[in-house]
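As numbered in our numbering, residues 38 to 403 make up the sequence shown, in order.
Even for Gly, the Cβ is constructed at its ideal location relative to N, Cα and C.
Structure record follows, encoded as structure tokens.
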Amino acid sequence: METVNAFLKRKNIVFSARRYGVDALGAMAQGLFCSLLIGTIVKTLGEQAGIAFLVDVGNFAAAMSGAAMAVAIGYALQAPPLVLFSLATVGYAANALGSTSLIPDQAGAGGPLAVLFIAIIAAEFGKAVSKETKIDILVTPLVTILVGVALSAWWAPAIGTAATAVGNIIMWATDLQPFLMGVIVSVVIGVALTLPISSAAICAAFGLTGLAGGAAVAGCCANMVGFAVLSFRENGWGGLVSQGLGTSMLQMGNILKNPRVWLPAILTSAVTGPLATCVFRLEMNGPPVSSGMGTCGLVGQIGVWTGWLSPSERALANGAAAVAPGAMDWLGLILISFVLPAVLCWAFGLLFRRIGWIKPGDLTLQ
Numbered sequence: 038m039e040t041v042n043a044f045l046k047r048k049n050i051v052f053s054a055r056r057y058g059v060d061a062l063g064a065m066a067q068g069l070f071c072s073l074l075i076g077t078i079v080k081t082l083g084e085q086a087g088i089a090f091l092v093d094v095g096n097f098a099a100a101m102s103g104a105a106m107a108v109a110i111g112y113a114l115q116a117p118p119l120v121l122f123s124l125a126t127v128g129y130a131a132n133a134l135g136s137t138s139l140i141p142d143q144a145g146a147g148g149p150l151a152v153l154f155i156a157i158i159a160a161e162f163g164k165a166v167s168k169e170t171k172i173d174i175l176v177t178p179l180v181t182i183l184v185g186v187a188l189s190a191w192w193a194p195a196i197g198t199a200a201t202a203v204g205n206i207i208m209w210a211t212d213l214q215p216f217l218m219g220v221i222v223s224v225v226i227g228v229a230l231t232l233p234i235s236s237a238a239i240c241a242a243f244g245l246t247g248l249a250g251g252a253a254v255a256g257c258c259a260n261m262v263g264f265a266v267l268s269f270r271e272n273g274w275g276g277l278v279s280q281g282l283g284t285s286m287l288q289m290g291n292i293l294k295n296p297r298v299w300l301p302a303i304l305t306s307a308v309t310g311p312l313a314t315c316v317f318r319l320e321m322n323g324p325p326v327s328s329g330m331g332t333c334g335l336v337g338q339i340g341v342w343t344g345w346l347s348p349s350e351r352a353l354a355n356g357a358a359a360v361a362p363g364a365m366d367w368l369g370l371i372l373i374s375f376v377l378p379a380v381l382c383w384a385f386g387l388l389f390r391r392i393g394w395i396k397p398g399d400l401t402l403q
């Protein structure tokens, strides 16, 4: 056993929830952002402006999403160069096959989820054999690619089917019970956004669009804009921008010290979620990854906008159609994304400050 542990340590192979569930998942979301998400935005701009070059750029970027995710995961796992570069093939295969389904004539939503599982395994196998032979330049890429593509052929369609089923259940339940599911989806995705995991990757993995995607956007905005405004007296304009347009994850250290500081944002998401689903009927029909981005770079809002004009493939598969947004649509997007999170979280925070649950300095960013 000591020999195995020594080998794993030498190869930097660490079996831990943090490395796979936090580092790899977070990196995967960045890879998805730098390919599919950016590609969708550029393509939509090109379509609206009539610029064919931008449409081509968007298509090329989106086509590389599987490879980008896998390479990002390998980077997070500190894979050596030959493993890292080989993961491009693995990611492409896993994403392509994960987007198929075991159910005839049904597309799968599990591409990103398949990439996460398969790229991790392929990367660790590649790391295990890296520099162990004199023909490393042949052995390491061969092992990494064979393991990854074989697992993609074996597992990815099933993962695609399972992820589609879960996503469809969430979206079906949200359509059936928009109030209850608006609360649940908004709170859960908002909490995931602030935790050191990736809400964007979760939404992408399950293909959340439509009303469920809108509720997810509401929850993310409640945490990002909410914490930005709630902690303004401690952190000023720098904190407002870094949390409001960056990430509320910056508050995790303070949350661990005093979990009550999270209550205003959570309560805000419990209010804005059902408002999004029941009152404004806010749907996010852009790329599912946008549902879990909130106001980070305004990606959530851009996702709603692109979904209005040109729904993503996943949204189209769920029955979405292009629409011409009206005044109520824009009002709902602005209120749910910015105004209500700021006002409600500030009001809840004021109450908790007065009863002593939040004290001066509890929200100061280090």
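Is the beta carbon of residue 240 less than 8 angstroms from the beta carbon of residue 302? no
Secondary structure of residue 286, DSSP reduced to three states: helix
Nearest to residue 61 by alpha carbon, out of 135, 237, 87? 237
Report, in whole angstroms, the separation of the C-beta atoms of residue 207 and residue 154, which I expect to be a contact under 8 angstroms. So it is not a contact: roughly 20 angstroms between Cβ atoms.
Would residue 268 and residue 276 qualify as a contact pair, given that the criterion is a beta-carbon distance under 8 angstroms? yes
Taking the C-alpha atoms as reference points, what is the distance between residue 235 and residue 291? 19 angstroms
Check the C-beta distance from residue 256 over to residue 223 and give it rounded, since I have them as a contact under 8 angstroms. 4 angstroms
Roughly how many angstroms separate the alpha carbons of residue 317 and residue 106, rounded to a whole number? 34 angstroms
Length-filtered (4 minimum) alpha helix (DSSP H) runs lying within the segment 90-117: 102-113
Grab me the residues of residue 443's own chain with a C-beta within less than 7 angstroms of its C-beta, minus the 5 sequence neighbours each way, in chain order. Because the chain is modelled from 38 through 403, residue 443 falls outside the range shown and cannot be assessed.
Under 8 angstroms between the Cβ atoms of residue 371 and residue 78? no
Where does the unbroken alpha helix (DSSP H) through residue 390 begin, and where does it stop? 377-391
In terms of alpha-carbon separation, which member of 171, 178, 170 lies closest to residue 161? 178
So the candidates are 148, 159, 92; which of them puts its Cα closest to the Cα of residue 122? 159
Would you be able to state if there are at least three C-beta pairs under 8 angstroms between the segment 303-316 and the segment 212-219? yes
Taking the continuous alpha helix (DSSP H) assigned at residue 295, which residues delimit it? Taken as a continuous stretch (DSSP letters only), residue 295 belongs to no alpha helix (DSSP H), as it is neither H nor E.
What span of residues does the alpha helix (DSSP H) with residue 394 cover, start to end? Neither: residue 394 is in no alpha helix (DSSP H) and is coded neither H nor E.
C-beta atoms of residue 69 and residue 118 nearer than 8 angstroms: no
Leaving out the 5 sequence neighbours to the left and right, which residues in its chain are closer than 6 angstroms to residue 260 when beta-carbon positions are compared? 227, 230, 231, 285, 302
Just the C-alpha distance for residue 114 and residue 124, rounded to the nearest angstrom, thanks. 12 angstroms
As a quick exercise: from 332, 363, 403, pick the residue whose alpha carbon is nearest that of residue 262. 332
Residue 321 - partner residues in DSSP beta bridges: 247
In chain order, what residues of the same chain have a beta carbon less than 7 angstroms from the beta carbon of residue 324, not counting five sequence neighbours either side? 73, 74, 77, 340, 349
Using the Cβ count rule (16 or more neighbours within 10 Å means buried), how would you classify residue 191? exposed
Candidates 337, 265, 209, 127: which alpha carbon is nearest residue 379's? 265
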